[in-house]
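For reference, the structure discussed in these notes is given below.
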Amino acid sequence: MSSIPEKQENQKQVLTLNELSKRKVVEHNSLITSIAKMDKTPLKMFELAVSCINTEEPPKDNIVYLSKRDLFAFFKVSDNDKHSRFKQAVEKMQKQAFFQIKEEQGKGFKFKSIVPIPYVEWTDYHDEVKIEFHREIMPYLINLKKNFTQHALSDIAELNSKYSIILYRWLSMNYSQYEHYSTKGGRRNEQVESYRNPSISIKELRIMTDTVNDYERFQSLETWILKKPIEEINAHTHFNVTYDKIKAGRSIDSIVFHIEKKRTADDNSYKLDDQVYIEDKKQKEETEKDLVFEAMKSKYTQILLENMLLSPYEMTDTALMAGLQAHVYPLYDELKDSRGLNGVKDHLSYVASKQEDYSKRNIAKYLKKAIEQYLPTVKRQDLS
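Structure representation (structure tokens):
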């Protein structure tokens, strides 16, 4: 008989988790680039509380109400000690957690230190938790018309490191700008691509992750601030992320990230995997025919053949050739403008030497990823 209540409780938790998966967190970019002076638990609790804000009808008293069941489900806590652990987490958040925000003002900068949630109220006999945000944090959470980022709460829920959360929020901020300007325009192509391949100096990365005085050796910094967080991000969020280390002299000066959004069954946007890039069937056929014709004449096709990155048989795949012409060859044009045709040849010769890294079935996807990862490095070298 004792198994019946347990079964009912499990059903409740599943419903709660499903509800949490639909929530979004909306924050001003200044808050995302601020220094989060807190551990992962207060930071995740803050994100959960922010997801409770109705941005269309923001709370006038800065108060939101959260279910304990939601909170325990979010943190995947189910043991008998969960209430005391919740109390400890709240106390830690209020005593130690704050954001250090840096904003441009006039000829210099303005610095703010804000305890985001100074007041939490709950009882041991009721499910409801009352959370009051500090008035100074609210402008970064409501009435946001520009320079803000929205991300899925479910992505944050699975991250188990403070650095994973900080890096994920920053990557989301950049990728959101890529999606915005890709659709709306208003930026040059290289600017748009820079949002998908954002760069950050090691100094800025240390400041943002609050590790200025930690991990003195770069190897340690890379392990805990880059490798492990990116493993988590790739495993549990909507992103697949890689990065390149950029040297200045003998030292690592900065990091260039490469962000890809994982595709879902509902995503109708272009996919190199299956070459679905135009919805209208008739228009697709006409456009594909034109693209294939241009690809057959392209000097890049010849270079791919010479490096055995493309076979005569694959050239009969019209979807593949159209995909190359539409989405890969324009990137080769950018490289050619910077390094000449020999620069493209050198790049593809290097790619050919790494053929074991890709599946022939996804050759267009592989070539596109390779050039997207290489172009930011070329541009940085040209600027130096």
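Add 2 to a position in the sequence shown, counting from 1, and you land on the number used in this note's numbering. For each residue, glycine too, the CB sits at the ideal point set by N, CA and C.
Assuming residue i contacts residue j (C-beta within less than 8 angstroms), just tell me the rounded distance between them.
i: Ile133; j: Ile119; result: 6 angstroms
i: Lys114; j: Glu138; result: 7 angstroms
i: Glu234; j: Ser340; result: Rounded, the Cβ-Cβ distance is 35 angstroms, inconsistent with contact.
i: Leu322; j: Ala354; result: Leu322 to Ala354, Cβ: 17 angstroms. No contact.
i: His30; j: Asp157; result: No, His30 and Asp157 are not in contact; Cβ-Cβ is about 19 angstroms, not under 8 angstroms.
What are the residues that DSSP puts in a beta bridge with residue i?
i: Gln107; result: Gly110
i: Trp124; result: Val131
i: Ile209; result: Paired residues: none, contrary to the question.
i: Tyr197; result: For Tyr197, which the question treats as bridged, DSSP gives no partner whatsoever.
i: Lys247; result: Ile257
i: Ser69; result: Glu130
i: Ala154; result: Lys26
i: Asn242; result: Glu262
i: Pro300; result: According to the sequence shown, residue 300 is Ser rather than Pro. Answer is none; Ser300 lacks a bridge partner.
i: Ala38; result: Phe101
Does the beta-carbon distance from residue i to residue j come in below 8 angstroms?
i: Leu155; j: Ser53; result: yes
i: Ser184; j: Pro378; result: no
i: Ala51; j: Val66; result: yes
i: Ile227; j: Leu207; result: yes
i: Val243; j: Leu173; result: yes
i: Phe135; j: Asn64; result: yes
i: Asp143; j: Ile34; result: Sequence inspection shows Leu at residue 143; the Asp mentioned does not correspond to that position. No, the Cβ-Cβ distance between Leu143 and Ile34 is not below 8 angstroms.
i: Ser69; j: Asp129; result: yes
i: Lys370; j: Ile305; result: no
i: Gly345; j: Lys338; result: yes
i: Ala91; j: Met47; result: yes
i: Tyr177; j: Lys264; result: no
i: Glu181; j: His260; result: no
i: Ala297; j: Leu326; result: yes
i: Ser256; j: Ile209; result: no
How big is the Cα-Cα spacing for residue i and residue j?
i: His85; j: Pro141; result: 32 angstroms
i: Glu336; j: His349; result: 12 angstroms
i: Ala38; j: Thr211; result: 7 angstroms
i: Gln277; j: Ile365; result: Reliability of the predicted coordinates at Gln277 is poor, the pLDDT of 39 falling under 50, and no value is obtained from them.
i: Val194; j: Gln96; result: 39 angstroms
i: Lys249; j: Lys186; result: 34 angstroms
i: Thr57; j: Ser351; result: 51 angstroms
i: Glu316; j: Asp384; result: 35 angstroms
i: Asn145; j: Arg382; result: 36 angstroms
i: Ala328; j: Tyr334; result: 11 angstroms
i: Glu105; j: Val122; result: 28 angstroms
i: Leu412; j: Tyr217; result: Any answer about residue 412 is impossible in this case: the structure gives the chain only from 3 up to 386.
i: Leu293; j: Arg252; result: 44 angstroms
i: Asn82; j: Ala99; result: 26 angstroms
i: Arg190; j: Ser163; result: 35 angstroms
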